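Note sheet for the following structure.
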Amino acid sequence: MRFTRCSTVAALFAAFVTTGLWIGTASAQFSLPGGLDPKRAALGAAAKQLAPYITEQAPIRLDPVELYPTLDALPGAPFAPAPSAQNAVTASIIQQLKGSNTGTVSLVPGDYAIAVRQFCMSHSRPARSPLAFVLGPMRGKRAPAIIAMNSRASSTPYQFSPIQQTSWTIQGGLGFTDFSSTARAVVGTLIPDYKGLLGTSTLDDIQGKWSSLSSSLGGPSLDSILGQLGGAGQLVVQLRDVRGQIIGQANDFNAMSRAFAPIQAADVSTLDSPWSVISPTLWMRLVTRGHYGDIGTVQIRNAGTGPVTVPLISSIGYGRCTPQLTTQGSAYACTQPLSFEVLPSSTGMYVRT
0 MRFTRCSTVA
10 ALFAAFVTTG
20 LWIGTASAQF
30 SLPGGLDPKR
40 AALGAAAKQL
50 APYITEQAPI
60 RLDPVELYPT
70 LDALPGAPFA
80 PAPSAQNAVT
90 ASIIQQLKGS
100 NTGTVSLVPG
110 DYAIAVRQFC
120 MSHSRPARSP
130 LAFVLGPMRG
140 KRAPAIIAMN
150 SRASSTPYQF
160 SPIQQTSWTI
170 QGGLGFTDFS
180 STARAVVGTL
190 IPDYKGLLGT
200 STLDDIQGKW
210 SSLSSSLGGP
220 SLDSILGQLG
230 GAGQLVVQLR
240 DVRGQIIGQA
250 NDFNAMSRAF
260 APIQAADVST
270 LDSPWSVISP
280 TLWMRLVTRG
290 HYGDIGTVQI
300 RNAGTGPVTV
310 PLISSIGYGR
320 CTPQLTTQGS
330 AYACTQPLSF
340 EVLPSSTGMY
350 VRT
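Following this line, the structure appears as structure tokens:
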């Protein structure tokens with residue numbers, strides 16, 4: 000019966016559009032079986048099409064539905080990277096990442112401890128430490144730009160704050176003309192090949208899609224249907240708020256940091272970072288005593304018989320907020336997710352064992 004009614008709505012709406020009978024008073028002149036308002040039904044159908052589009056346009060997706068499988072203990076011998084090879088390994092990794100679009104590196108069998116600087120991947124979660132982290136792939140419409148930026152930053156003199164500010168701007172979905180001079184310079188230096196991806200704002204793309212979907216309905220505003228869109232509607236509201244804050248605080252990185260990731264103490268610091276199973280013979284984990292701006296370590300073991308591709312910079316760390324490891328986003332919302340860049344030196348590195 001539900002199928003029949005939906006089919007009736009679609010058929011009648013198509014008839015109105017193709018015959019030119021759709022006018023502003025259509026709902027007063029005509030009603031569908033069961034008392035459905037045809038214009039309201041058509042508006043609902045258009046909104047239903049918009050919701051998944053908004054989700055697809057999310058600059059960064061922080062729903063951890065694709066976490067790598069985990070193990071509490073590393074199989075085999077105790078983890079033991081060779082200190083004497085550390086400098087050569089780091090230099091090789093940085094060279095591989097110098098022009099990378101993928102954030103992956105090739106590593107021969109062995110144990111590795113790679114020093115990384117950490118970046119905040121949220122506008123609305125506090126920076127708590129110390130915490131354990133679980134890994135998953137970085138996802139979202141603009142994830143490729145951040146992966147490339149973090150990869151290539153390792154071989155440049157860029158310090159933390161310009162990279163973090165640019166990351167927040169990219170995550171916020173701003174169009175390139177709204178980037179601060181600092182963020183535009185970082186993009187121009189590190190990822191000029193991603194200017195096309197960053198050219199238009201996410202909000203403008205969403206508005207354009209809605210204008211296309213709703214043009215035959217008299218062009219109702221996007222605001223009028225946000226409440227029907229659930230999480231997708233909330234994302235639009237958040238993107239608007241973030242855009243205003245980024246533009247308003249473009250020249251004050253400290254204020255931006257306080258707004259997006261205020262530093263707080265952690266209350267689950269006894270949890271350990273599990274090993275992520277990248278493949279049957281490849282394991283990786285992020286260990287850190289700090290938060291964004293601090294230095295951590297990505298530990299890697301390749302137990303295979305030859306070189307493997309490691310998703311080093313294309314991975315993101317989610318704070319382990321509860322003992323249970325699930326794919327529910329609320330289980331990781333206690334703190335900011337972290338991305339990272341490789342550092343040429345391990346000076347000051349904190350390793351949680």
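Numbering follows numbering that gives the first Met the number 0, in which position 346 of the sequence shown is assigned residue number 345; successive positions increment by one, without gaps.
Ideal Cβ positions, reconstructed from N, Cα and C, are used throughout, including at glycine.
Being a predicted model, the structure only gives us computed values, none of them experimental.
Open item on the list: Rounded to whole angstroms, what is the Cα-Cα separation between residue 235 and residue 37?
Closed with: Residue 235 sits at position 236 when you count from the first residue of the sequence shown. Residue 37 sits at position 38 when you count from the first residue of the sequence shown. C-alpha separation (whole angstroms): 27 angstroms.
TODO: Would you kindly check if the distance between the Cβ of residue 68 and the Cβ of residue 111 is under 8 angstroms?
DONE: Residue mapping note: residue 111 aligns to position 112 of the sequence shown, counting from 1. Residue mapping note: residue 68 aligns to position 69 of the sequence shown, counting from 1. Taking 8 angstroms as the Cβ cut-off, residue 111 and residue 68 do not qualify as a contacting pair.
TODO: Enumerate in chain order the residues of its own chain whose CB-to-CB distance from residue 209 is below 6 angstroms, with the five nearest sequence positions on each side excluded.
DONE: Within the sequence shown, residue 209 is the residue found at index 210, counting from 1. For residue 209, where only same-chain residues beyond five positions count, the Cβ hits under 6 angstroms are 49, 221.
Task: Simplified DSSP state of residue 148, which is helix, strand or coil - done: Translated into the one-based positions of the sequence shown, residue 148 becomes position 149. Correct three-state label for residue 148: helix.
Open item on the list: At the level of alpha carbons, what is the spacing between residue 271 and residue 300?
Closed with: Indexing the sequence shown from 1 puts residue 271 at position 272. Indexing the sequence shown from 1 puts residue 300 at position 301. Residue 271 and residue 300: Cα-Cα distance of roughly 17 angstroms.
Task: Per-residue burial, residue 293 [other beta carbons within 10 Å of its own, 16 or more giving buried] - done: As a position in the sequence shown, residue 293 is number 294, starting the count at 1. Result: buried.
TODO: Could you spell out where the alpha helix (DSSP H) holding residue 79 opens and where it closes?
DONE: Position 80 of the sequence shown, counted from the first residue, corresponds to residue 79. Neither: residue 79 is in no alpha helix (DSSP H) and is coded neither H nor E.
Open item on the list: Could you check whether residue 66 and residue 312 sit closer than 8 angstroms to each other, using their CB atoms as the reference points?
Closed with: In the sequence shown, the residue the question calls residue 312 occupies position 313. In the sequence shown, the residue the question calls residue 66 occupies position 67. Taking 8 angstroms as the Cβ cut-off, residue 312 and residue 66 do not qualify as a contacting pair.
TODO: Using only alpha-carbon positions, find the residue among 333, 282, 39, 318 that is nearest to residue 106.
DONE: The residue given as residue 106 occupies position 107 in the sequence shown. Out of 333, 282, 39, 318, 282 has the C-alpha closest to the C-alpha of residue 106.
- [ ] Report back the beta-carbon spacing between residue 226 and residue 217 to the nearest angstrom; my notes put them in contact at under 8 angstroms.
- [x] The count along the sequence shown starts at 1 and reaches residue 226 at position 227. The count along the sequence shown starts at 1 and reaches residue 217 at position 218. Residue 226 to residue 217, Cβ: 19 angstroms. No contact.
TODO: Check each candidate in 137, 308, 181 and name the one with the smallest Cα separation from residue 62.
DONE: Residue 62 sits at position 63 when you count from the first residue of the sequence shown. With distances taken between Cα atoms, residue 62 lies closest to 137.
- [ ] Ignore the nearest five residues each way along the sequence and tell me which others in residue 340's own chain have a CB closer than 8 angstroms to its CB.
- [x] By 1-based counting over the sequence shown, the position of residue 340 is 341. Closer than 8 angstroms at Cβ, skipping near neighbours: 115, 116, 118, 149, 150, 152, 153, 162, 312.
TODO: Below 7 angstroms CB to CB, which residues in the same chain sit around residue 147 once its five sequence neighbours on both sides are set aside?
DONE: For the purposes of this step, residue 147 is taken as residue 148 along the sequence shown, with counting starting at 1. Here the set comprises 99, 100, 190, 193.
Open item on the list: Check whether the stretch 194 to 208 and the stretch 155 to 175 are in contact - that is, three or more C-beta pairs closer than 8 angstroms.
Closed with: yes
Open item on the list: Contact defined as beta carbons within less than 8 angstroms: I believe residue 120 pairs with residue 285. What is the distance between those atoms, to the nearest angstrom?
Closed with: Residue 120 sits at position 121 when you count from the first residue of the sequence shown. Residue 285 sits at position 286 when you count from the first residue of the sequence shown. In fact, because the Cβ distance is near 12 angstroms, the residues do not count as touching under 8 angstroms.
Task: Nearest-angstrom Cβ-Cβ length linking residue 102 and residue 273, presumed shorter than 8 angstroms - done: Here residue 102 is taken as the residue at index 103 of the sequence shown, counted from 1. Here residue 273 is taken as the residue at index 274 of the sequence shown, counted from 1. At roughly 21 angstroms, the Cβ-Cβ gap does not stay under 8 angstroms, so residue 102 and residue 273 are not in contact.
TODO: With a threshold of 16 other CB atoms inside 10 Å of the CB of residue 29, please say whether the residue is buried or exposed.
DONE: For the purposes of this step, residue 29 is taken as the residue at position 30 of the sequence shown. For residue 29, the predicted structure reports a pLDDT of 36, less than 50, and the residue's modelled location is therefore unreliable. A value from the coordinates is still provided. It is exposed - the Cβ of residue 29 has fewer than 16 other Cβ atoms within 10 Å.
- [ ] In the DSSP assignment, find the unbroken alpha helix (DSSP H) run with residue 204 in it and report its ends.
- [x] For this step, residue 204 is matched to residue 205 along the sequence shown. Looking at the DSSP string, the run of the alpha helix (DSSP H) that includes residue 204 is 201 to 213.
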